Structure formats: structure tokens, C-alpha cells
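Peer 1: Going from the sequence shown to the working numbering is simple: count from 1 and add 100.
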Amino acid sequence: MARVAILGAGDMGTALTTPLAANGHDVRLWGTPLDDAIVAALRAGEPHPRLGVAVPGGIRVFAASEAAAALADAEVALLAVTSDGVRPVVSALARHLAAVPIVMTVAKGFDPGAANDEVLLLPTVIAEVTGAPIVGVGGPSKANEVARAIPTAVVFAGLPAAVARCRDLFATPTYKIEPSGDLTGVEIAAALKNAYAIALGVADGLEQRTGVPHHNLRAALFPRAVAEMGRLIAACGGDRATATGLAGSGDLQVTITSGRNRLLGDRIGRGEPGIAAAAALRADGITVEGYAATDFGYRLSLGRVDPATGAPLDLPLLRGLWSILYEDAPALETLWAAA
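Next comes the structure, spelled out in C-alpha cells:
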């Protein structure tokens, strides 16, 4: 039995207690200050407010002020917060994380708090406070399905020994884990699929606006998105093939079926300008991670070289999506030009 601390009591953090509990581990679920209502509900034996399921028996739930107890003697700490929450959480818990042998992350995005407008991958931020090996989790994984032990296949990426240990802890008959050494590629794919899901969501909105399906446009954009993920991964030193596996095309496929990123694209396709649509969702308290990921991913690509050609890296779909979201470029014309 291993001791595992999950940092973040949101949907995915809570969902991942299911495979760990099935394997008989000592699981501590710690909530950030934003999770206070969730922590209260779980401690009262109620279902998770968003997932609609209770945590498995034996899971210990800790409030924000109890981080030291949650992390005490943990073999693995898993960060399950939003991408913009990674830096403040690891900074606040640095002293405790430094003693944990392996740190995992299911956060999907880039670091928005880097100095000098630099774009950083989230493992780089985590490495600022710990020398422990970092394992990134990617792939198609809806939290409500993981929580109910519905068959799910994911990727664990990092150094082989750390990946193997984490795989031993989490793998169950319904939670299948593919090992990878491409942490860079998995992290880029995890972030960018949120961005490209917005573009594909535009096609759904166009159907609602016009009454005519735009399946052909959607199908044209999907392989373009996967190819661009692969090119950026390779330009950043990762394995281009990661984009065509679970972490890239697999995660993109499940992301475009529903969710906030698709919702933003849908609103734009229905006729809202990109800037106004994003602002309206923010005003409603809805965080669309793909919105920031589009900007960070586009800036990450600037000045890079495609190692396959030696030419400057060109990502027309990502560039077009950036112009739709940040310059109110016309959606249909811009996406079709990039397809």
C-alpha cells in the first residue's frame, strides 16, 4: 500500500481517487481554498457537487489549511488544479513537496505566471520547487467517467522508473496506462488540444447558425490540428508521434464532444465575435483553458524551426485561431484558409 496525496479536489482530482482506492492505497484528497464547498460536501458523506458521485470509502479529505498533514510521508503527490493554479499551489506547498519522491500533474496548459512574458510548460514550474521526477498525465479522460470506473486509457509520461511506479499505483482493469518518455510532447498536446477544440467547436456553431451541417469543415480541421501539434512538439524537442496517439488526437477527440472549449467555439460559430464570446464566458465565471492556451501556444511557436524541414515553424490553424480570439478575425473564412 502506498500513500498518495492528490492536490486539488476538483473533478479530475476527485475522480482519480477511484483507481487508487480500487488498488487499496492510502489516498489523501486535499482541497485548495477554492474547493472549500467540495471538501465540506465530501466530509459530510455527500456526492461531489459536480461529479455526482461520492469518494470511495477510506479516502481522507483535507481542507486547504491541512496541506502538511495531507502530504506527510506521501510517496506521490498529484497536482490536479487548473493550469493557472499550478504556480501558486506549488509555491505555497514548496516546503512539503520538496520531500515527496514523485510529483505527478494532470493540469493541462501553459504557465501564465512566468516572468518576462516567457511561455513555460507546467513541469518546468513544478521543477522550480522540487528535484523529484515529474510524471505528466495526458490522454482522453473525462472525470465523470474515471470516477465511475468507466474504461479509460491515458498516458503517463516522464522518466521510466517514475512512470513505472506510478503506473503500478494507478492501473486497474478499467484504467489503462500507456507509458511514454515524451513529457514535453504530452504536456504540449495536453494544452493545445484545448485550443484546437475551440476551432472545431466553431464548426458546430456554424451548423446551429445556418441550419446546415459543417461536418466536412470539422473533418478538415481535425487532422490539421493534430499535424500542427506534432510540428510544435518536434520543434520543442519532443516526439512528433505523440500528437497522433492518446495524448494528442485521442484527447482532442474526447474534448470536442463537450466542454468549455467547444462551448466557446460554438458561440463564435453562431456569430459572436471571439473577444466578446470569451469575455461573456469569463463574466459567467466559466474558465476556458483553450483561450489562454491559444495565446501561449502561438507565442511558444514564434521563432522556432521545424526540424523536419529546417524552415521556420508555420502553424496556420493555430495562428488563425489566435486571430479569431484576439483580433476578431472572421471565423469561417479564417479557419477555411488554414484547413
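Yeah, the Cβ is synthetic: ideal placement off N, Cα and C, and Gly gets one too. This one's a predicted model, so the numbers in the text were calculated from it and none came from an experiment.
1) Under 8 Å between the Cβ atoms of Ala257 and Leu222?
2) Leaving out the 5 sequence neighbours to the left and right, which residues in its chain are closer than 8 Å to Ala102 when beta-carbon positions are compared?
3) Comparing C-alpha positions only, which one of Thr118, Asp384, Ser401, Gly397 sits nearest to Ala243?
4) Three-state secondary structure (DSSP) at Ser183?
5) Looking at the unbroken alpha helix (DSSP H) that takes in Leu97, where does it start and where does it end?
6) According to the Cβ coordinates, are Arg404 and Ala335 closer than 8 Å?
7) Counting only C-beta atoms, is Ala105 closer than 8 Å to chain B at any point?
8) Met112 by DSSP, collapsed to three states: which one?
9) In the DSSP assignment, what residue or residues form a beta bridge with Thr434?
10) Check whether the Cβ atoms of Thr230 and Leu197 lie closer than 8 Å to each other.
11) Give me, in chain order, the residues of the same chain whose beta-carbon lies closer than 8 Å to that of Val200; leave out the 5 immediate sequence neighbours on both sides.
12) So, using beta-carbon positions, are Ala390 and Ala295 closer together than 8 Å?
13) When burial is assigned at 16 or more other CB atoms within 10 Å of the CB, is Leu402 buried or exposed?
14) Which one of Leu415, Leu425, Leu292, Pro273 has the shortest CA to CA distance from Ala439?
15) Suppose contacts are defined by Cβ-Cβ distances below 8 Å. Is Val255 in contact with Ala347 by that definition?
16) Among all the DSSP beta bridges, which residues are the ones paired with Lys276?
17) From the DSSP output, which residues share a beta bridge with Arg103?
18) Can you give me the Cβ contacts of Thr272 inside the same chain, cut-off strictly under 7 Å, excluding the 5 residues immediately before and after it?
19) Taking 6 Å as the limit between beta carbons, can you name the residues of its chain near Gly330, skipping five residues before and five after?
20) Check whether the stretch 128 to 136 and the stretch 153 to 173 touch, using three or more Cβ-Cβ pairs below 8 Å as the test.
21) Which residue's Cα is closest to the Cα of Gly397: Gly365, Gly285, Pro279?
22) Under a Cβ-count criterion, where at least 16 other Cβ atoms within 10 Å of its own Cβ denotes burial, should Gly157 be classed as buried or exposed?
23) Applying the criterion that 16 or more other CB atoms from any shown protein chain within 10 Å of the CB defines a buried residue, is Ile386 buried or exposed?
Peer 2: By the coordinates alone:
1) no
2) His125, Asp126, Glu175, Val176, Leu269
3) Thr118
4) helix
5) Since the first and last residues shown for the chain are 101 and 439, residue 97 lies out of range.
6) yes
7) No chain B appears in the structure shown, which is made up of a single protein chain.
8) helix
9) None; Thr434 has no bridge partner.
10) yes
11) Ala105, Leu171, Ala174, Glu175, Val176, Ala177, Thr230, Ala232
12) Reading the sequence as shown, one finds Gly at residue 390 and not Ala. In contact: Gly390 and Ala295 (Cβ atoms closer than 8 Å).
13) exposed
14) Leu415
15) yes
16) Ala253
17) Asp126
18) Pro119, Ala122, Asn123
19) Arg340, Ala343
20) yes
21) Gly285
22) exposed
23) exposed
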